[in-house]
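Have a look at the structure below before the remarks.
Number of protein chains: 2
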Amino acid sequence: MGTKSYFLNFFIVCILVQCVLTDANDDNPAWRWSCINGRCMKMEFDPNSKEPYLNAESCKMFCGTFGLLWPQPTSGVDLGSHLSKINLDKINIINEASGKSDELMTAAGERFKKLLLKIIPEGVTPKMRGKSLMVYLVNKNPDVKEMSLDVDETYQLRIGASSDDQVNATIIGRTFFGIRHGLETLSQLVIYDDIRDLVLITRDVSVDDGPVYPYRGILLDTARNYFTVESIKRTIEAMAAVKLNTFHWHITDSQSFPFVSQRRPSLTKYGAYSPSKVYTREAIADIVQFALVRGVRVLPEFDAPAHVGEGWQHTDLTVCFKAEPWSSYCVEPPCGQLDPTKDELYDVLEDIYRDMAEVFPTDMFHMGGDEVSEACWNSSAEVRGFMAARGWGLDKASYLRLWDYFQERAQARAYKAFGKKLPLILWTSSLTEFDHIDKYLNKDDYIIQVWTSGSSPEIKGMLNKGYKLIISNYDALYLDCGFSSWVGLGNNWCSPYIGWQKVYLNSPASMAVGHEKQILGAEAALWSEQADSSALDGRVWPRAAALAERLWAEPGGGFEQVEQRMLHIRDRLVALGVQADSIEPEWCYQNEGYCHR
Amino acid sequence: MGTKSYFLNFFIVCILVQCVLTDANDDNPAWRWSCINGRCMKMEFDPNSKEPYLNAESCKMFCGTFGLLWPQPTSGVDLGSHLSKINLDKINIINEASGKSDELMTAAGERFKKLLLKIIPEGVTPKMRGKSLMVYLVNKNPDVKEMSLDVDETYQLRIGASSDDQVNATIIGRTFFGIRHGLETLSQLVIYDDIRDLVLITRDVSVDDGPVYPYRGILLDTARNYFTVESIKRTIEAMAAVKLNTFHWHITDSQSFPFVSQRRPSLTKYGAYSPSKVYTREAIADIVQFALVRGVRVLPEFDAPAHVGEGWQHTDLTVCFKAEPWSSYCVEPPCGQLDPTKDELYDVLEDIYRDMAEVFPTDMFHMGGDEVSEACWNSSAEVRGFMAARGWGLDKASYLRLWDYFQERAQARAYKAFGKKLPLILWTSSLTEFDHIDKYLNKDDYIIQVWTSGSSPEIKGMLNKGYKLIISNYDALYLDCGFSSWVGLGNNWCSPYIGWQKVYLNSPASMAVGHEKQILGAEAALWSEQADSSALDGRVWPRAAALAERLWAEPGGGFEQVEQRMLHIRDRLVALGVQADSIEPEWCYQNEGYCHR
């Protein structure tokens with residue numbers, strides 16, 4: 001939108017908003033905001049002025065193309081120029097179509113009502129006055145109630161001109177998942193006006209929207225430290241707020257085994273940090289349903305054959321567990337890998353997979369597969385004996401062969417346990433190197449999650465060989481980077497800290513020119529050596545919101561243009577109960593355009 | 001303590017703890033901990049073993065010299081080898097001496113009881129059984145109720161052998177402030193045993209303790225972003241937990257003026273981010289009293305002549321406010337400095353100082369004085385005219401003269417407003433450079449707060465000239481370092497992030513060899529361009545706890561020896577309701593000694 005239309009918008013706002021906003025508080029405020037040349041400028045309040053006294057939010061809703069929406073809509077957006085008072089006690093949601101997703105639709109509607117209440121600052125009881133809000137939900141495929149990579153997440157939102165006492169909104173979607181996103185957008189069009197103590201809705205709105213990438217994720221590692229169920233749900237709530245759709249649960253690792261295995265309970269008994277730091281079936285079911293209502297799939301990972309250890313004490317199935325010096329056998333303490341030569345191992349794996357299949361109704365399964373150490377396997381006489389018996393060497397190629405032997409068997413057990421040939425995901429590793437990835441991994445069976453740097457030639461190599469990728473390049477999407485080391489002095493391995501700007505600018509499409517369709521999306525990862533329930537929100541948010549807009553829209557511009565919306569979504573996350581990190585002085589939000597070099 | 005005495009301790013614990021810990025839960029736990037060679041080792045639980053099944057905390061309480069105490073006591077510590085069950089419903093505190101500090105003593109006692117309840121994990125209702133605890137407080141100077149640099153913070157704590165139904169503890173201190181620290185130590189000797197669901201107290205204890213430095217602070221900047229009163233009190237609560245004693249309140253800056261000035265209310269009206277983002281007299285009085293009960297002074301700073309701007313709109317007393325490009329006139333947006341040439345300015349300053357003197361019953365006053373820009377002053381024709389009229393040039397030396405002109409007048413007004421010649425504090429700046437500091441600042445009037453790097457020769461220079469210093473070297477004590485830039489791409493100016501280890505190893509004494517007595521202490525600073533109430537706890541904690549032990553004890557060893565206690569105090573802060581950052585996998589706490597290179 002050029003300067004001319006900004007000006008036009010400005011004058012429309014001046015004329016029309018004034019009509020509905022005449023009940024001024026007698027205590028004159030110090031400041032008001034006015035949209036000038038596409039920037040909301042802070043101006044001294046003048047009681048004699050004919051201009052409307054907009055607060056910062058009311059101004060910003062109309063001063064840029066995308067108002068306060070995050071992520072920015074992709075197909076069409078017209079936010080009009082009107083705000084109407086609404087009464088949060090008078091919200092009605094009408095589900096126009098009926099089907100198997102009815103329960104989800106109802107739950108999403110209830111959540112929507114609660115979302116609106118959260119925009120009101122704590123301690124404030126706004127005057128409940130204004131028009132009622134009628135929301136019509138038109139779900140074209142009301143029987144779709146499961147996430148998949150093909151699910152249609154698009155929606156159309158229309159908010160009409162208001163009648164005397166009612167504002168009507170209509171959301172049309174091809175599935176529940178699209179409708180749900182529409183409700184999210186609608187909730188972002190409702191703002192609290194702290195100058196007049198009113199709740200306002202943007203009207204005369206038209207939004208046509210849908211994501212660029214089908215996979216938009218956050219990984220949480222609940223093994224290096226434990227995360228409470230409450231903190232996981234809080235994370236999913238925030239994901240929904242920015243239309244992320246995949247909670248990748250790295251649930252076990254060498255350090256702990258908090259997943260409650262019904263079939264192999266000793267893994268949990270010996271592997272959990274304490275009897276209370278576990279994820280029971282009931283807790284997982286609760287999380288899965290909570291996520292589904294919010295359009296989020298919960299994708300389980302059982303990382304193997306490396307990244308195991310605690311919990312396996314009463315089996316004979318691991319190698320090099322707690323070996324020292326750890327740096328000779330793995331990348332961090334404690335070391336530990338499964339012993340792929342034991343037949344019993346595959347029975348245990350199948351049991352774990354079955355336990356997971358029963359509680360995670362997932363359309364995909366993550367098998368981990370990162371950071372396998374030859375030195376670890378090589379430290380076992382039994383492994384070496386197995387290799388020798390087959391006439392294999394003890395070189396890298398032979399250990400890749402052993403890994404392949406493992407992966408082939410694990411894959412078969414996964415299919416068996418899940419009862420279907422579902423897409424499997426593996427991390428990039430020595431197994432996925434360009435010259436031999438296709439020797440070991442069938443591109444139709446495996447999706448590769450990339451955690452190399454974003455400029456690694458491996459990405460183009462795998463794309464050229466036809467693999468589908470999920471991008472998690474550590475140099476932009478590892479949210480644990482930059483803090484202190486935990487095994488010595490200095491900073492951790494992937495320092496420095498990655499700012500939201502870098503996350504925002506990290507474009508999967510630009511890594512995949514010519515192969516865009518093979519990029520399923522991307523994912524930010526919180527490895528939790530230095531994070532737990534207390535240190536979760538600030539690590540993930542608002543940076544994951546930056547990722548969310550990148551994946552929803554693949555926007556062309558820089559970070560400067562979106563900064564005001566970013567500051568707003570950060571504050572919104574805080575209002576939703578998420579302790580999102582602070583990224584700028586509030587002064588920069590109130591004084592748009594001044595906080596740049 | 002050598003290996004031999006560790007072993008001895010271990011056996012004593014084995015023999016004696018067992019006696020009181022015989023009521024085992026039938027559900028056998030997976031793990032127990034045992035002190036071997038000075039490390040608490042995780043061992044498989046064996047129901048047939050005669051060894052006591054200690055949880056990690058019970059083991060760690062006796063396995064090192066300082067148990068789980070943080071900061072480590074300085075004069076003498078013997079934690080014995082016994083744990084006794086106590087009943088938190090049966091705690092009695094007897095104040096043996098009466099005086100003006102009675103109210104503080106009572107409040108500190110009540111807080112102590114609440115502290116003990118906080119160690120019990122949420123959702124757990126421990127069996128309230130065990131002995132009663134009788135705490136005798138012997139205050140040698142019960143009339144002392146004000147903080148000062150000379151106040152005696154030492155204490156002695158004795159916990160006796162228990163009788164059948166009672167444990168007796170005695171705390172002897174020379175002031176309330178010492179007694180209070182003794183209560184803090186006593187609270188750290190009470191642990192919750194999650195294996196048996198019991199509250200245990202360490203007995204047969206003797207601790208003689210007192211701080212190395214009298215000034216042990218945290219700075220919070222509430223101007224770049226606003227912090228809620230609740231979040232400030234939470235910070236002070238955590239400070240008390242680690243015996244920090246100064247909350248330095250950088251309450252205003254160029255970006256906002258949240259301090260409610262009674263005499264100049266328009267500063268607040270135009271300067272606050274919103275009418276609710278202010279600190280009223282009542283709120284400040286609440287914070288000051290809350291802090292005093294916790295042994296913490298609240299030290300106000302009014303930073304001048306730079307670092308002003310918002311709020312001063314309706315005066316004619318600032319120069320270069322919001323000037324652009326800001327980088328020509330100041331270090332971050334918005335620029336702004338007071339105009340020292342206006343006589344009216346000093347009346348306004350006196351009013352602000354008076355407002356502060358009325359709400360902050362402080363023994364010191366911080367006058368700021370950092371980052372004054374010649375270019376800013378030089379941008380004003382009026383300032384240049386003032387200089388010309390006096391025959392001064394427009395060079396650096398002349399602007400220092402102008403600054404001196406300002407500081408001399410401001411100092412006089414401060415003394416007048418506070419009604420006494422109290423110690424004044426200034427930041428290092430171009431005014432404090434070695435070759436001329438004594439020309440401008442009298443060493444008997446001013447304490448200098450150092451924010452250069454820790455290796456700057458300026459430190460030794462000022463010490464040689466006799467100045468008293470507070471150390472806040474940015475390369476170890478600026479807690480805002482390492483995050484993303486907020487005015488562009490990349491990371492912020494003082495990156496990288498500073499780990500707790502570096503904070504811990506940052507020794508004021510080693511900067512001051514030969515002048516140790518001139519170092520009053522040190523202070524960690526949270527400048528809040530990228531922090532607010534939501535992002536506060538994780539930035540400050542547990543790193544400020546590392547500072548606390550450094551200042552309390554000036555320990556000689558490395559960080560590795562204190563790591564287990566550090567992990568424990570971090571968890572304790574979380575239990576106290578502080579969202580302290582996570583620094584290691586829980587695995588490292590459960591598997592002592594394995595998380596090092």
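Chains A and B, in that order, are what the protein sequence lines are.
471 is the number that the UniProt record's numbering gives to position 471 of the first sequence; each next residue is one higher, with no gaps.
93 is the number that the UniProt record's numbering gives to position 93 of the second sequence; each next residue is one higher, with no gaps.
Yeah, the Cβ is synthetic: ideal placement off N, Cα and C, and Gly gets one too.
6 angstroms Cβ shell around residue i - same chain, five flanking residues per side excluded
i, result
"B:C494", "Y474, Y478 and C481"
"B:A531", "R539"
"A:K4", "Only weak support exists for where A:K4 lies, its pLDDT of 37 falling under 50; the coordinates are left without a value."
"A:Q262", "D355"
"A:Q156", "I172 and D208"
"B:D89", "M128"
Cβ-based neighbour list, residue i, same chain, cut-off 7 angstroms, excluding 5 preceding and 5 following
i, result
"A:W541", "A238, L573, V578, A580 and D581"
"B:H596", "E560"
"B:Q28", "It should be pointed out that residue 28 of chain B corresponds to Asn in this sequence rather than to Gln. Excluding residues within five positions, the ones whose Cβ falls inside 7 angstroms are F45 and P47."
"B:C14", "At B:C14 the pLDDT is 37, less than 50, meaning the model places this residue with poor confidence; the figure from the coordinates comes in the next sentence. Answer for B:C14: E51 and P52, listed in chain order."
"B:E184", "A240, A241 and K243"
"A:K416", "E350"
Own chain residues within Cβ distance below 8 angstroms of residue i, not counting five before or after
i, result
"B:T318", "V308, G309, W312, G336, Q337, L338 and D339"
"A:Q518", "L463, G466, Y467, K468, L469 and A512"
"A:V229", "Y279, A283, D286 and I287"
CB contact check: residue i to chain B, cutoff 8 angstroms
i, result
"A:D581", "yes"
"A:W587", "yes"
"A:D26", "With a pLDDT of only 45 at A:D26, under the threshold of 50, the placement of this residue in the model should not be trusted; the figure read from the coordinates follows. Chain B contact via Cβ: absent."
"A:D23", "Note that A:D23 has pLDDT 40, beneath the 50 cutoff, so the model's placement of it is unreliable and the number below is only indicative. For A:D23, the answer is no, since every Cβ of chain B falls outside 8 angstroms of its Cβ."
"A:K322", "yes"
"A:P334", "yes"
"A:S327", "yes"
Residue environment, residue i, which counts as buried when at least 16 other CB atoms sit within 10 Å
i, result
"B:P457", "exposed"
"B:A357", "buried"
"A:H314", "exposed"
"B:A161", "exposed"
"A:D444", "exposed"
"A:D193", "buried"
"B:G368", "buried"
"B:I94", "exposed"
Contact set between residue i and chain A, taken where Cβ atoms lie within less than 8 angstroms
i, result
"B:S274", "D194"
"B:Q590", "Y273"
Distance between beta carbons of residue j and residue i, contact taken as under 8 angstroms
i, j, result
"B:L345", "B:Q188", "In fact, because the Cβ distance is near 49 angstroms, the residues do not count as touching under 8 angstroms."
"B:L198", "B:K127", "7 angstroms"
CB contact below 8 angstroms: residue i versus chain A
i, result
"B:G482", "yes"
"B:V487", "yes"
"B:H596", "yes"
"B:G538", "yes"
"B:Q255", "yes"
Chain-ordered chain A contacts of residue i [CB-CB under 7 angstroms]
i, result
"B:K269", "A30"
"B:D532", "S582"
"B:W500", "S484"
"B:Y497", "G482, F483, S484, N491 and Y497"
Residue i: contacting residues in chain B (beta-carbon distance under 7 angstroms)
i, result
"residue 632 of chain A", "This structure gives no information on residue 632 of chain A, because the portion of chain A shown stretches from 1 to 597."
Listed by chain order, chain B residues near residue i by CB distance under 8 angstroms
i, result
"A:E529", "E584 and P585"
Under 9 angstroms from the C-beta of residue i: neighbouring residues of chain B
i, result
"A:Y226", "E586"
Partners in chain A for residue i, counting only beta-carbon separations shorter than 9 angstroms
i, result
"B:V574", "D532, S533 and S534"
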